[in-house]
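Below: the structure, in structure tokens.
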Amino acid sequence: MTSLELEALLGLIGGARHIVIGTDTSSRADGERLATAWGGTVLATVTWPETAASWLRQALRFAAPEPDAWVVSATPAGWTGMSRRLLRSTSWSPHRTFATSALEGFPLPGLRGARTDGTTWETA
Numbered sequence: 129m130t131s132l133e134l135e136a137l138l139g140l141i142g143g144a145r146h147i148v149i150g151t152d153t154s155s156r157a158d159g160e161r162l163a164t165a166w167g168g169t170v171l172a173t174v175t176w177p178e179t180a181a182s183w184l185r186q187a188l189r190f191a192a193p194e195p196d197a198w199v200v201s202a203t204p205a206g207w208t209g210m211s212r213r214l215l216r217s218t219s220w221s222p223h224r225t226f227a228t229s230a231l232e233g234f235p236l237p238g239l240r241g242a243r244t245d246g247t248t249w250e251t252a
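Going by the working numbering, the sequence shown runs without a break in its numbering and finishes at 252.
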């Protein structure tokens, strides 16, 4: 994650009082960097593998705290199974979710995020 991307993500979630951070195992360092830069309340940080039997345990932990916003740093491969499980099994909303540049174009309407150059995107 670039500094511009991090700054843009912080701007997107700026009005939130508390967040939940989710990462796949290969993006864990970005999640830690985001948590440090956020400076506000992080209700949970949830990490999931790129492949799993169901992702149910991780999805329930990710969605349960009901934060103002969810922030995701993951590869498309790592996010695919997790997002499907979230949609099927929780009250999670992509409209309150912000992601890093790796997920730009991910086919999930309402998902928003930041590019490496600091500009933002939204999936329609």
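All C-beta atoms in this analysis are idealised placements derived from N, C-alpha and C, irrespective of residue type, glycine included.
Three-way DSSP call (helix, strand, coil) for residue i in this model
i, result
"L239", "coil"
"G206", "helix"
"F226", "strand"
"S211", "helix"
"S217", "helix"
Span of the alpha helix (DSSP H), counted from its first residue to its last, around residue i
i, result
"D158", "156–166"
"E135", "131–140"
Close beta carbons around residue i, own chain, < 6 Å, minus the five adjacent residues each side
i, result
"S201", "T151, S155, D158, G159, T228"
Where the beta strand (DSSP E) through residue i begins and ends
i, result
"G150", "146–152"
Sequence-distant residues of its chain with Cβ nearer than 7 Å to residue i (five each side left out)
i, result
"P237", "P222, T251, A252"
"A187", "M210, R213, L214, S217, T218"
"I141", "I147, A197, V199, F226"
Best match in the options for proximity to residue i [C-alpha to C-alpha]
i, options, result
"A191", "S182, V148, T203", "V148"
"P235", "A144, A165, W220, P204", "P204"
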